Amino acid sequence: MAILVDEARWPWRGRRWAHLVSDESYDELHRFAALIGKRRAAFQGDHYDVDETERELALQAGAVAVNSRELVARLRAAGLRKPRGVPSPRR
């Protein structure tokens with residue numbers, strides 16, 4: 543069970559962004575996100591977007607770096623991947 547973060551490779555507003563997920567539970571993800579200073583309002587249904595600086599904070603706090611394919615595969619295996627068009631879970 544781990545908090546996972548992929549590569550910061552998606553450009554937006556002059557920064558590069560990554561995804562932060564849990565392969566265990568949304569509760570674990572929310573606790574970890576709060577630890578690195580993310581607001582709950584930033585939750586994107588099954589992940590948090592983190593910029594390069596936040597990604598480094600996550601890694602320092604114990605997140606595991608994975609590539610995007612592994613991140614999605616582990617999210618799906620845990621049953622935590624939100625299908626497109628489905629409202630965000632309130633967990």
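Under the numbering used here, think of the first position of the sequence shown as 543, with each following residue one higher.
Even glycine gets a Cβ: it sits at the ideal position worked out from N, Cα and C.
These figures come from a predicted structure and were not determined experimentally.
Worksheet item: Can you tell which of ASP548, GLY604, GLY556 has its C-alpha closest to the C-alpha of LEU562?
Response: Sequence index remark: in the sequence shown, residue 562 carries index 20 (1-based). Of the listed residues, the one whose Cα sits closest to LEU562 is ASP548.
Worksheet item: How long is the line joining the alpha carbons of VAL614 and GLN602, rounded to whole angstroms?
Response: Residue mapping note: residue 614 aligns to position 72 of the sequence shown, counting from 1. Residue mapping note: residue 602 aligns to position 60 of the sequence shown, counting from 1. Their backbone Cα atoms lie some 22 angstroms apart in a straight line.
Worksheet item: Shortest alpha-carbon distance to GLN589 belongs to which of TRP559, GLY604, THR595?
Response: Residue numbering aside, residue 589 sits at position 47 when the sequence shown is read from its first letter. Inspection of the sequence shows that residue 589 is occupied by His rather than by Gln. Nearest of TRP559, GLY604, THR595 to HIS589, Cα basis: TRP559.
Discussion item. Give me, in chain order, the residues of the same chain whose beta-carbon lies closer than 8 angstroms to that of VAL608; leave out the 5 immediate sequence neighbours on both sides.
Written reply: Stepping through the sequence shown from its first residue, residue 608 is reached at position 66. LEU546, VAL547, ASP548, ARG616.
Item to complete: Please go through the same chain and pick out, in chain order, the residues whose beta-carbon is closer than 7 angstroms to the beta-carbon of ALA544, but skip the five residues on each side of it.
Response: Against the sequence shown, residue 544 aligns to sequence position 2. By the criterion of a C-beta distance shorter than 7 angstroms, ALA544 is surrounded in its chain by ASP565, VAL606, once the five residues flanking it on both sides are discounted.
Discussion item. So, at 7 angstroms on beta carbons, what are the nonlocal neighbours of SER567 in its own chain, with the 5 sequence-adjacent residues on each side left out?
Written reply: The sequence position of residue 567 within the sequence shown is 25, counting from 1. Shown here for SER567: not one same chain residue has a beta carbon closer than 7 angstroms to its own, the five before and five after excluded.
Worksheet entry | Secondary structure, alpha helix (DSSP H): runs of 4+ residues fully inside the region 557 to 581 | Unbroken alpha helix (DSSP H) stretches of 4 residues or longer found wholly inside the region 557 to 581: 568 to 577, given in chain order.
Worksheet item: Taking Cβ to Cβ, would you say GLU612 is nearer than 7 angstroms to ALA550?
Response: Counted from its first residue, the sequence shown places residue 612 at position 70. Counted from its first residue, the sequence shown places residue 550 at position 8. A distance of 7 angstroms or more separates the beta carbons of GLU612 and ALA550.
Worksheet item: Ends of the beta strand (DSSP E) at VAL608?
Response: Residue numbering aside, residue 608 sits at position 66 when the sequence shown is read from its first letter. Here VAL608 belongs to no beta strand (DSSP E), and DSSP marks it neither H nor E.
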